[in-house]
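Notes follow the structure.
In the UniProt record's numbering, the protein residues as written are 1 to 103.
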């Protein structure tokens with residue numbers, strides 16, 4: 001598959017969109033870290049926003065207060081979630097069990 005040739009305007013628009021998406025993901029993780037929202041709320045927001053749905057589940061868990069890499073990895077194992085899974089790929093049972101465990 002060949003990479004399409006984009007005009008300068010298209011490149012600028014793509015860069016701006018990527019920057020907006022990164023900032024939105026960082027803001028969501030900050031809100032989780034600061035306790036402004038719960039994980040269940042964050043998962044709901046991610047399901048409705050395509051740019052946020054690209055967050056890896058492990059990164060979202062590590063953003064929670066008092067949850068580090070080890071705790072997040074154990075939770076992923078308990079809920080049968082692959083290490084590289086993104087929020088978009090979670091099933092309804094996985095979302096429910098994560099929400100129940102982390103609020």
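Glycine included, every Cβ here is placed at the ideal spot set by N, Cα and C.
In terms of residues, what are the limits of the alpha helix (DSSP H) holding residue i?
{"i": "residue 62", "result": "57-62"}
{"i": "residue 5", "result": "Where residue 5 is concerned, there is no enclosing alpha helix (DSSP H), given that its DSSP letter is neither H nor E."}
{"i": "residue 69", "result": "69-78"}
With DSSP collapsed to three states, give me the class of residue i.
{"i": "residue 116", "result": "The requested residue 116 does not occur in the structure, where the chain is confined to residues 1 to 103."}
{"i": "residue 34", "result": "helix"}
{"i": "residue 51", "result": "coil"}
{"i": "residue 66", "result": "coil"}
{"i": "residue 103", "result": "coil"}
Give me the DSSP bridge partner(s) of residue i.
{"i": "residue 86", "result": "56"}
Got a sec? Which residues, its chain only, sit under 8 Å from residue i by beta carbon, not counting five neighbours each side?
{"i": "residue 14", "result": "6"}
Could you check which residue in the options has the C-alpha nearest to that of residue i?
{"i": "residue 48", "options": "87, 35, 18 and 38", "result": "87"}
{"i": "residue 36", "options": "63, 74 and 21", "result": "63"}
{"i": "residue 146", "options": "20, 43 and 22", "result": "Because the chain in this structure spans residues 1 to 103, residue 146 falls outside the shown range and cannot be described."}
{"i": "residue 53", "options": "76, 8 and 24", "result": "24"}
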